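Residue numbers (our numbering): 101 to 518.
First the structure, in the form of structure tokens, and then the observations on it.
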Ligand SMILES: [Zn+2]
């Protein structure tokens with residue numbers, strides 16, 4: 101039996117100890133008695149591990165490795181056009197090496213759960229094969245969910261739909277899609293029907309790149325929501341991006357939000373990525389590229405934040421730091437009132453777990469895996485305001501890593517008493 105003591109435990113009023121047996125949380129509370137080993141956490145905040153629910157692990161670091169002529173102008177559709185040239189050069193070894201680097205970026209900063217979209221519009225399935233291997237090889241340090249994602253379209257790419265189906269047979273966990281990239285609305289809608297049908301047929305979850313455009317006429321989320329509402333599949337379905345919903349008319353948006361509540365559809369926003377990619381055809385005012393995060397939170401609609409890209413043709417930056425994503429997101433979405441701050445950490449933890457549909461085994465609760473992280477602060481407000489780093493990540497009761505808070509050789513001395 102192992103005990104972590106002297107902690108501030110997120111969402112557990114007044115509890116300061118976690119007792120662990122065989123990698124599982126036995127209890128959370130106060131004065132939990134003696135243990136074989138007791139670890140003092142120095143009054144720091146303990147939360148459930150970060151979840152990055154939307155990341156392209158087959159694209160990471162390809163910008164630096166493959167692009168010798170300099171990045172393009174930085175629009176979403178230009179990046180999609182660039183990608184096939186990169187794809188020609190993929191090998192399983194190279195894909196694994198770059199993905200491992202990015203996984204290390206994320207896990208070393210507190211992430212323990214990743215959902216990755218893998219491009220399957222490739223008859224060789226090079227990236228998918230690499231990722232299926234990694235999902236298994238790294239399962240003790242990180243949970244990876246793989247989305248069969250047709251980057252070049254189910255119909256724009258000839259045979260794309262069938263490649264998605266084959267990827268599901270090969271072991272992908274989720275069905276993806278990109279309806280706004282199909283060549284006409286009719287084909288986008290057809291792809292949404294395919295996605296839901298494939299998910300039901302193979303008993304998979306759904307995560308669609310949906311309406312990642314400023315065009316308010318891109319409304320594929322409406323059809324996706326309707327179909328999963330009718331199939332009672334909403335809690336297993338996520339609409340990623342939905343940028344256009346940020347440009348939608350209010351009367352349409354509020355009607356839709358009522359329907360999202362009924363279906364229990366989940367949403368993911370990628371604040372840094374879409375702030376960079378969207379609004380490119382606007383002069384001024386310039387849109388933020390973000391869906392209605394604040395209104396979703398107020399309505400009880402599940403919304404999570406994600407990294408999306410690390411140094412790929414879509415986005416040159418990115419380092420797997422979920423606190424950076426949260427910081428950008430709460431600025432862009434304007435969610436910093438005292439009541440909102442108390443829930444903001446959920447955007448990179450519990451809400452992402454709901455998108456991954458792992459809420460039954462994720463979180464700081466008795467009987468669940470003893471997975472958690474220790475942040476360098478003592479309250480949600482404190483860690484968010486300071487963009488606090490992760491001092492330790494614990495998985496099944498054992499340290500994945502542990503580091504000290506900053507220590508100075510020479511400390512700042514203001515020379516005045518106050
Ligand atoms: Zn994406």
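Where a beta carbon is used, it is the ideal one built from N, C-alpha and C, also for glycine.
Fair warning: this is a prediction, and the values are worked out from it, not measured in the lab.
DSSP three-state assignment for residue i, whether helix, strand or coil
| i | result |
| --- | --- |
| residue 371 | helix |
| residue 265 | helix |
| residue 393 | helix |
| residue 408 | strand |
| residue 379 | coil |
| residue 160 | coil |
| residue 127 | strand |
| residue 484 | helix |
| residue 153 | strand |
| residue 106 | strand |
| residue 306 | strand |
| residue 353 | helix |
Ligand 1 heavy atom lying under 6 Å from the CB of residue i
| i | result |
| --- | --- |
| residue 152 | no |
| residue 408 | yes |
Member of the options whose CA lies at the smallest distance from the CA of residue i
| i | options | result |
| --- | --- | --- |
| residue 378 | 345, 260, 353, 198 | 345 |
| residue 456 | 306, 443, 299 | 306 |
| residue 319 | 279, 187, 446 | 279 |
| residue 316 | 322, 332, 348, 354 | 348 |
| residue 441 | 161, 133, 484 | 484 |
| residue 362 | 387, 389, 334, 285 | 334 |
| residue 467 | 107, 351, 127, 500 | 127 |
| residue 311 | 331, 290, 281 | 281 |
| residue 135 | 102, 159, 162, 426 | 102 |
| residue 392 | 342, 262, 246 | 342 |
| residue 104 | 111, 413, 142 | 142 |
| residue 229 | 251, 268, 296, 203 | 268 |
| residue 498 | 459, 374, 120 | 120 |
| residue 394 | 357, 383, 364, 418 | 357 |
| residue 365 | 400, 300, 243 | 400 |
Alpha-carbon spacing of residue i relative to residue j, whole angstroms
| i | j | result |
| --- | --- | --- |
| residue 213 | residue 517 | 46 Å |
| residue 298 | residue 114 | 46 Å |
| residue 117 | residue 272 | 38 Å |
| residue 124 | residue 287 | 47 Å |
| residue 292 | residue 285 | 11 Å |
| residue 396 | residue 338 | 14 Å |
| residue 192 | residue 225 | 9 Å |
| residue 196 | residue 129 | 42 Å |
| residue 432 | residue 385 | 15 Å |
| residue 200 | residue 438 | 38 Å |
| residue 322 | residue 179 | 26 Å |
| residue 189 | residue 353 | 42 Å |
| residue 375 | residue 331 | 33 Å |
| residue 513 | residue 446 | 37 Å |
| residue 436 | residue 482 | 12 Å |
| residue 274 | residue 515 | 59 Å |
| residue 138 | residue 131 | 12 Å |
Residues near residue i by beta carbon distance below 6 Å, same chain, minus five either side
| i | result |
| --- | --- |
| residue 488 | 475, 476, 477 |
| residue 423 | 487 |
| residue 359 | 325 |
| residue 380 | 175 |
| residue 217 | 156, 247, 249, 276 |
| residue 373 | 408, 409, 415 |
| residue 382 | none |
Beta-carbon proximity list for residue i, same chain, < 7 Å, skipping 5 on both sides
| i | result |
| --- | --- |
| residue 501 | 208, 492, 493 |
| residue 479 | 108, 145 |
| residue 371 | 390, 405, 425, 428, 429, 432 |
| residue 412 | 156, 159, 160, 162, 163 |
Own chain residues within Cβ distance below 8 Å of residue i, not counting five before or after
| i | result |
| --- | --- |
| residue 294 | 254, 261, 264, 277 |
| residue 202 | 155, 157, 160, 161, 410, 420 |
| residue 459 | 450, 453 |
| residue 461 | 468, 469 |
Residue i Cβ short of 6 Å to ligand 2 heavy atom set
| i | result |
| --- | --- |
| residue 489 | Looking for ligand 2 in the displayed structure turns up nothing; the ligands present are ligand 1. |
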